[in-house]
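Quick note on the numbering used here: the sequence shown kicks off at 2 and runs consecutively. Think of the CB as a built atom: it goes at the ideal place given N, C-alpha and C, for glycine as much as any other residue.
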Amino acid sequence: MHKIVIFDGYTTNTGDLSWEPVSTLGNTKIYDRTLPCEVIDRAEDADVLITNKVLLTREVLSALPNVKYIGLMSTGVNVVDIEYCNSHRIAVTNIPGYSTVNVAQTTFAMILELCSRVSLHDKYVKNGYWTNCVDFTFRKSPIIELYGKTIGIVGYGNIGKKVAQIAQGFDMNVLVYARRQLSFDSDTSIKQVSIDELLAKSDIVSLHIPLTRDTDQFINKETLAKMKQGSFLINTARGGLINEADLAEALHNGKLAGAGLDVLSTEPPKPDNPMLSCENCIITPHIAWASLESRSRLINILAENLASYINYADNNLSPESIHNLVNNPHN
């Protein structure tokens, strides 16, 4: 029987879901959280490791010779040394698409909050401002319509496409930046442009790209300077895409009207993170992926990935039979 270790199960399943789809596939040990110093001891003799954010570096994996499969509870693969896995015949799978709907929904929740300021006005009403107002209405912030505004979507994978679809429902103009050449229906209002044109023309810029060496601090002093005066920035992708000191400066000096961030460069943030002092920045604690439906979908896909690996390993099948394989374990 396969020995399965889940290092950090709590963020996926706080007790409101069942691990049964995974636990029935082998002798399974589930930990809520795992410190770096605990990884090797907890994974001893295991051939299947499952992780979300626990790092599986070359040093860690070299101390775990029995490992043959790593199941990522995420879309991103940066927590695992893929090169090491290739050279040591360790299969790695990820979970694409499980949170597309909710990440796009959260993206627009942030956009709507920045433009309609619902929670801000709710707070003022409950603090007595409306009660003491001589008029039937009062506004503590500009109210902005999305109709006719331009949203620039950086990255056009599943989430970027869903964001574009929602934007069209608000009759927004949609600009897209992607490295590959895209094709659209002839009647669509979506337009692919260069990154410079997107930054210059967009009232709202929304990031939907992975964090890589090329995209690290993609938003910085230089790119912020190219953005439209008074525009908004949304990031529900990865915190490392933004130079936070540069963004804080742009928010403080009025270059940007506001920002919505579900992710930060360090999570949880340190008390001196510059974003925490920006009143015109909405921050949520990396929850865009975490709807009940998304997490349930994640566990089910995780189980399907693992079942396909077990079928591959037990029946000497081709690696292509492994669902959502992200590496070449027979390299």
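Taken in chain order, the complete alpha helix (DSSP H) segments of 4 or more residues contained in the segment 39 to 75 are 40 to 44 and 59 to 63. Under the three-state reduction of DSSP output, F219 falls in the coil class, being neither helix nor strand. In this structure, K192 places its C-beta atom within 9 angstroms of the C-beta atom of V175. The shortest CA-to-CA distance from H122 to any of S142, M111, D33 and S63 is the one to S142. By the Cβ neighbour-count rule, N28 is exposed, with fewer than 16 other Cβ atoms within 10 Å of its own. Here the alpha carbon of E146 sits roughly 33 angstroms from the alpha carbon of T267. Under the DSSP assignment, F233 falls in the beta strand (DSSP E) whose first and last residues are S232 to N236. Per DSSP, the beta bridge partners of V81 are L57. Here Q169 carries a helix assignment [DSSP, helix/strand/coil]. If you draw a straight line from the Cα of I31 to the Cα of V55, it is about 13 angstroms long. Burial check for D33: the Cβ neighbour count within 10 Å stays below 16, so the residue is exposed. Distance between P270 and G241, taken at the CA atoms: about 12 angstroms. Here the segment 229 to 246 lies against the segment 214 to 221, with 3 or more beta-carbon pairs under 8 angstroms apart. Proximity of the segment 118 to 135 to the segment 75 to 82 falls short of the contact definition, fewer than three beta-carbon pairs being nearer than 8 angstroms. For N174, the uninterrupted beta strand (DSSP E) segment begins and ends at N174 to Y178.
Of the residues G16, N95, T94 and G161, the one whose Cα lies closest to the Cα of A105 is G161.
For L262, the beta-bridge partners assigned by DSSP are N236 and I284. The beta carbon of G98 lies closer than 7 angstroms to those of N159 in the same chain, with the five residues before and after it left out. At a Cβ-Cβ threshold of 9 angstroms, I112 and I154 do not count as neighbours.
Straight through space, the alpha carbons of L36 and N254 are spaced by roughly 40 angstroms.
In the DSSP secondary-structure assignment, K192 is bridged to L176. Counting other Cβ atoms within 10 Å of its Cβ, D273 stays below 16 and is therefore classed as exposed.
L115 and G261 do touch by the CB rule: their CB atoms are close to 6 angstroms apart, below 8 angstroms.
C-alpha of S232 to C-alpha of I167: approximately 19 angstroms in a straight line. Rounded to whole angstroms, the gap between the alpha carbons of R43 and L208 is 36 angstroms.
Of all alpha-carbon atoms in V264, L277 and A238, the one lying nearest the alpha-carbon of L252 is that of L277. Sequence-distant partners of I300 (beyond 5 residues in either direction) whose C-beta falls short of 8 angstroms from its own C-beta, in its chain, are T13, N14, L18, S19, W20, P22 and V23.
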